[in-house]
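K.L.:
Structure below; questions to follow.
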Amino acid sequence: MPKSFDFQQAPGHLIRRAHQVAVAVFAEEMDGHDVTPVQFAILNALMDEPGEDQVTLASRVAFDAATFGSVVGRLEAKGWVRREPDRLDRRRKLLWVTPAGEQAAASMKRAVSRAQRRILGPLEAREQEQLMRLLAKLVQGHEGGGG
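Mapping to the UniProt record's numbering: the sequence shown position 38 is 38, numbers consecutive.
Spelled out as structure tokens, the structure:
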């Protein structure tokens, strides 16, 4: 029996390596946009739900609420997002995409589409669909307490 664990075939290791590939491809395609994957996810999600509060949006993009405010602050500093208190509950902060943010997001969406195609590029169409389905099942299974 081998003394070491074959981490090269461990799901956690392979998922981490796939994440490294995805982040590297994203960075290459987004060169010149000055945005991280999380910042793009926030901007994109906020375009679907303008005026959403920070806590709800953090949950929707699966990001830690404790550090979410600082990420939004960086988007605000770029002029892409505006944050304002809720008139009914001043503790809540509502978020809006600015016109500059909408313009930046439109340009970024093309780059993100290219990145997604590159990330899945080594797989055949059927394999791409299968991978996406299995990844979604894995995440949902753990988020729902099934793991």
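All C-beta atoms, glycine included, are put in the ideal place defined by N, C-alpha and C.
Give me the residue from 94, 72, 24, 51 with the minimum Cα distance to residue 41.
P.N.:
The residue with the shortest Cα to Cα distance from residue 41 is 72.
K.L.:
Could you pull the start and end residues of the alpha helix (DSSP H) that residue 139 belongs to?
P.N.:
Start and end: 125 to 143.
K.L.:
With DSSP collapsed to three states, give me the class of residue 81.
P.N.:
Three-state result, residue 81: strand.
K.L.:
Roughly how far, in whole angstroms, is the beta-carbon of residue 35 from the beta-carbon of residue 108, given that I think they are within contact range, below 8 Å?
P.N.:
Right, the Cβ-Cβ distance comes to about 6 Å (below 8 Å), so this counts as a contact.
K.L.:
Just to confirm the assignment, what range does the beta strand (DSSP E) spanning residue 95 have?
P.N.:
Unbroken beta strand (DSSP E) run through residue 95: 93 to 97.
K.L.:
If you compare alpha carbons, which of 104, 114, 53 is closest to residue 78?
P.N.:
Nearest C-alpha to residue 78: 104.
K.L.:
According to DSSP, is residue 86 part of a helix, a strand, or is it coil?
P.N.:
DSSP places residue 86 in coil when its eight states are reduced to three.
K.L.:
Give a yes or no on contact between the region 108 to 123 and the region 18 to 36, applying the rule of three or more CB pairs nearer than 8 Å.
P.N.:
The region 108 to 123, when compared against the region 18 to 36, does touch it at the 8 Å Cβ threshold.
K.L.:
At the level of alpha carbons, what is the spacing between residue 99 and residue 80?
P.N.:
When rounded, the distance between both Cα atoms is 7 Å.
K.L.:
Quick one: what does DSSP say residue 53 is sitting in, helix, strand or coil?
P.N.:
Strand, per DSSP.
K.L.:
Using a Cβ-Cβ cut-off of 8 Å (strictly less than) and excluding sequence neighbours within five positions of residue 65, which residues of its own chain qualify?
P.N.:
These residues qualify, in order along the chain: 54, 55, 58, 59.
K.L.:
With 16 other CB atoms within 10 Å as the buried threshold, where does residue 130 fall?
P.N.:
Exposed is the call here.
K.L.:
Could you pull out every unbroken alpha helix (DSSP H) segment of at least 4 residues lying fully inside the region 17 to 61, listed in chain order?
P.N.:
Taking only runs of at least 4 residues, the alpha helix (DSSP H) segments lying wholly in the region 17 to 61 are 37 to 48, 54 to 60.
K.L.:
When burial is assigned at 16 or more other CB atoms within 10 Å of the CB, is residue 119 buried or exposed?
P.N.:
By the neighbour-count rule (16 or more Cβ atoms within 10 Å), residue 119 is buried.
K.L.:
Buried or exposed, going by whether 16 or more other CB atoms sit within 10 Å of the CB of residue 97?
P.N.:
So residue 97 counts as buried.
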